[in-house]
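K.L.:
Here it is, the structure in full.
Protein chains: 2
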Amino acid sequence: MSPAASHSTNASRDLGNRVAEELAAGLFSGRYRPGEMLPKETELCDAFGMSRPSVRNGLQILSSLGIVRRISGKGTVVEEFREWNLLDPMVTRWMAEYAQPNPNFLAEIFEFRHATEPTIAALAARKATARDLLAMEEAFQGMEAALEGAEAGEEWDRSAFSDHDVAFHAAIYRATHNLVWAQLAHILRPSITLVVRTSNETAEELRDSLGRHRHLMECIRLRRPEDAEEAARRVMARTAFDLGITPDPDAGPGPAPNAHAPDDAPKKASPHRRA
Amino acid sequence: MSPAASHSTNASRDLGNRVAEELAAGLFSGRYRPGEMLPKETELCDAFGMSRPSVRNGLQILSSLGIVRRISGKGTVVEEFREWNLLDPMVTRWMAEYAQPNPNFLAEIFEFRHATEPTIAALAARKATARDLLAMEEAFQGMEAALEGAEAGEEWDRSAFSDHDVAFHAAIYRATHNLVWAQLAHILRPSITLVVRTSNETAEELRDSLGRHRHLMECIRLRRPEDAEEAARRVMARTAFDLGITPDPDAGPGPAPNAHAPDDAPKKASPHRRA
DNA sequence: ATACTAGGCTATGTCAGACATAGGGTTCAA
DNA sequence: TTGAACCCTATGTCTGACATAGCCTAGTAT
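Shown next as structure tokens:
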């Protein structure tokens, strides 16, 4: 009807988000770099075929995420990467979706996970409810199913596996029933999908990883905080190997990926190393 | 001059932020509660004396922070608290500024800090640069100066002390040179200012706290990760006491989770939130 | 009587055009 | 060389209008 609809808002009703999304694709993929200027509003209007208010709406979103800064009378400049709100859910989604894997950045997220997930697992073992355990179990079964599909010979769906992997770890974060950690679950997605997209684990390696996840889940279910802590360390050791940070999945918890730190102190030997 | 200035944009050039700020004050103080509806746009225009685009701009900011949800044709509804992006710098500022201290929430942030700051301190001890150490030192001297002013008898400026306290811990977070932790430094402000606003430490207690901070700083400067870890635990033990979480600042690093809420918030047996 | 549809009302989403003002550069004079 | 006055550009804001999603109500058919 009315093909020449004047406003023609038949498509989406959320144009600002579309603008932000498209620009984010360029921002996160590195097409626009910090310090550079984005096209001016009128040019973006032209490029997207939308009115100025909608374009401004999109720019506003990016601005409130610390990704760009709007300078009155001058234009829109890309902020330094360090200023971006990397912990915002939308930003983490964009990272997982558009960013090309940056080894340095992945290593930093891993460093964070490596230091915290054992603690989180212990807390989860103390506080997890039946609902939390269910979420973990469903995610785990999803990983299992994806892996079996792969072993059945079909072409193997990496994204299905990594989605459930994300869900598994997020369930543990949420099981702490702590607002801060629950929100930090968002950084899992870029951390996991970016590595899965590039690395090439064998079926055997994945099965090993799955076993470690199962063990972690069992420790949480049985309410054994200390065992859960150790189990989480073993999961992270596996992840470190898949990320290429350690040469051996059973190698100790090398804390920092980059060893340029002038540490005259011996690194912390894991206190309870039950083999 | 031109009293009938039509546009009269004499005041600020950032009306959207003003709207967001004012609404945030109401949102964080509990005047608007999750599930409720905000006034409609035209009413807000009237209340703030601004045009619809500006008001929409402010609502857009709150929306992109997960604080409200805009429903086309219906209105603006306040999201559940758990959906708010509590890790966003602007949100943490609003929490520190407008939220009345919620014991439960403070306990959760403390739980997070208690679990992570020792690790962070150890990492900082490995990676801190001269610039990081300078930032820590300046913040520490700021705390010292504020405390001495207090002991000199003048009326004592809590906010000066807590600002430098925030800066001190933030410097440690940043000294890790890890993007994730650097961003997490933002949660320090509500955690610290909210407790300082309510608690009533004596000068002696503050001096004790200051000593623990100094020791932590020295351990980091001397690049002793393990000592820094322990020193951070002692700082957190002091903080736990000031928060009313533990009865004794030297009561070991009792993992706060199960022991919190001694007097003012009787702990529920079931962790389920459902009422 | 119940269920389903049609219509109207409300509040948000989008558009168009206009003016005001901050930032930055340029020109001209002291 | 330096300073001030000028102009241009791009963003910030306003006004007024229409389009559409969500919701409520009334009317009709079975």
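Chains as they are written, first to last, in my numbering: chain A, 236 to 510; chain B, 236 to 510.
Here a beta-carbon is modelled for each residue, glycine too, at the ideal position from N, C-alpha and C.
Answer yes or no: do B:Asn292 and B:Leu250 have a C-beta to C-beta separation smaller than 8 Å?
P.N.:
yes
K.L.:
Can you pull the chain B residues whose beta carbon is under 8 Å from the beta carbon of A:Phe283, in chain order?
P.N.:
What A:Phe283 touches in chain B: nothing, since even the nearest Cβ is about 17 Å away.
K.L.:
Classify B:Val275 as buried or exposed, calling it buried when 16 or more other Cβ atoms lie within 10 Å of its own Cβ.
P.N.:
Sequence inspection shows Lys at residue 275 of chain B; the Val mentioned does not correspond to that position. Per the 10 Å Cβ criterion, exposed.
K.L.:
Under three-state DSSP, which class holds B:Ile306?
P.N.:
strand
K.L.:
For A:Arg447, collect the residues of the same chain with a Cβ closer than 6 Å to its Cβ; drop the 5 residues on either side in sequence, then sort them by chain order.
P.N.:
Arg469, Val470 and Arg473
K.L.:
Who pairs with A:Met272 in a beta bridge, going by DSSP?
P.N.:
A:Val312
K.L.:
How far does the alpha helix (DSSP H) with A:Ala513 in it reach, from first residue to last?
P.N.:
Because chain A in this structure spans residues 236 to 510, residue 513 of chain A falls outside the shown range and cannot be described.
K.L.:
Kindly confirm or deny that the stretch 359–377 of chain B and the stretch 443–461 of chain A touch, where touching means at least three C-beta pairs closer than 8 Å.
P.N.:
no
K.L.:
Check whether chain A comes within 8 Å of B:Ile480, counting only Cβ atoms and requiring the distance to be less than that.
P.N.:
It does not: the Cβ of B:Ile480 has no partner Cβ on chain A nearer than 8 Å.
K.L.:
Straight-line CA distance for A:Trp416 to B:His349?
P.N.:
13 Å
K.L.:
What is the rounded straight-line gap between the Cα of B:Ile427 and the Cα of A:Glu386?
P.N.:
Near 52 Å, if we compare the C-alpha coordinates of A:Glu386 and B:Ile427.
K.L.:
In angstroms, rounded to a whole number, what distance separates the CA positions of B:Arg253 and B:Pro269?
P.N.:
21 Å
K.L.:
For the alpha helix (DSSP H) that contains B:Ala475, what are its first and last residues?
P.N.:
Pro460 to Asp477
K.L.:
What are the residues in the stretch 317–331 of chain A lying within 8 Å of chain B by C-beta distance?
P.N.:
Arg317, Asn320, Leu321, Leu322, Asp323, Pro324 and Met325
K.L.:
Strictly under 8 Å for the Cβ-Cβ distance: is B:Ile306 near chain A by that measure?
P.N.:
With its beta carbon at least 8 Å from every one in chain A, B:Ile306 lies outside the interface.
K.L.:
A:Arg266 by DSSP, collapsed to three states: which one?
P.N.:
coil
K.L.:
Apply the 10 Å Cβ neighbour rule to B:Gly308 and answer buried if 16 or more other Cβ atoms are within range, or exposed otherwise.
P.N.:
exposed
K.L.:
How should A:Asp485 be labelled, buried or exposed, when 16 other C-beta atoms within 10 angstroms of its C-beta is the threshold for buried?
P.N.:
exposed
K.L.:
Looking only at C-alpha atoms, which of B:Arg304, B:Val313 and B:Asp323 sits nearest to A:Leu300?
P.N.:
Checked all of B:Arg304, B:Val313 and B:Asp323; the closest Cα to A:Leu300 is B:Asp323.
K.L.:
Do you know how far the Cα of A:Val313 is from the Cα of A:Ser289?
P.N.:
19 Å
K.L.:
By the criterion of Cβ-Cβ separation under 7 Å, what are the contact partners of B:Glu256 in chain A?
P.N.:
Taking a Cβ-Cβ cut-off of 7 Å, B:Glu256 has no neighbours in chain A, whose nearest Cβ is about 13 Å from it.
K.L.:
Which residue wins for smallest C-alpha separation from A:Val430, given the options A:Glu461, A:Asp400, A:Leu478 and A:Asn413?
P.N.:
A:Leu478
K.L.:
Along chain B, in chain order, which residues have C-beta atoms closer than 7 Å to that of A:Glu343?
P.N.:
Correct list: Asn413, Leu414 and Val415.
K.L.:
Let me see if you follow: with CB-CB separation under 8 Å, is B:Gln295 close to chain A or not?
P.N.:
yes
K.L.:
The alpha helix (DSSP H) spanning B:Pro353 covers which residue range?
P.N.:
Pro338 to Lys362
K.L.:
Can you list, in chain order, the residues of its chain whose CB lies under 6 Å from that of A:His450, leaving out five sequence neighbours each side?
P.N.:
Ala466
K.L.:
Check each candidate in B:Met285, B:Glu271 and B:Met325 and name the one with the smallest Cα separation from B:Thr311.
P.N.:
B:Glu271
K.L.:
For A:Glu440, return the contacting residues in chain B, with the cut-off set at a CB-CB distance below 8 Å.
P.N.:
Neighbours of A:Glu440 on chain B: none; closest Cβ ~26 Å, over 8 Å.
K.L.:
What does the alpha-carbon distance come out to for the pair A:Arg248 and A:Ile296?
P.N.:
A:Arg248 and A:Ile296 have their C-alpha atoms spaced approximately 16 Å apart.
K.L.:
Using the beta-carbon of each residue, which ones in chain B are nearer than 9 Å to A:Arg248?
P.N.:
Ser307
K.L.:
Just how far apart, CA to CA, sit B:Arg432 and B:Phe347?
P.N.:
20 Å
K.L.:
Please determine if the stretch 407–414 of chain B and the stretch 357–364 of chain B are in contact, where contact requires at least 3 C-beta pairs separated by less than 8 Å.
P.N.:
yes
K.L.:
What are the start and end residues of the alpha helix (DSSP H) that includes A:Ala374?
P.N.:
Ala365 to Glu386
K.L.:
Return the CA-CA distance between A:Met371 and A:Pro338, expressed in angstroms with no decimal places.
P.N.:
29 Å
K.L.:
Kindly list, in the order they appear in chain A, the residues whose Cβ is closer than 7 Å to that of B:Thr395.
P.N.:
The residue you asked about is not Thr; residue 395 of chain B is Ala in the sequence shown. Residues of chain A passing the Cβ test: none, with the nearest at roughly 26 Å.
K.L.:
Tell me the DSSP secondary structure of B:Asp281 in three-state form.
P.N.:
helix
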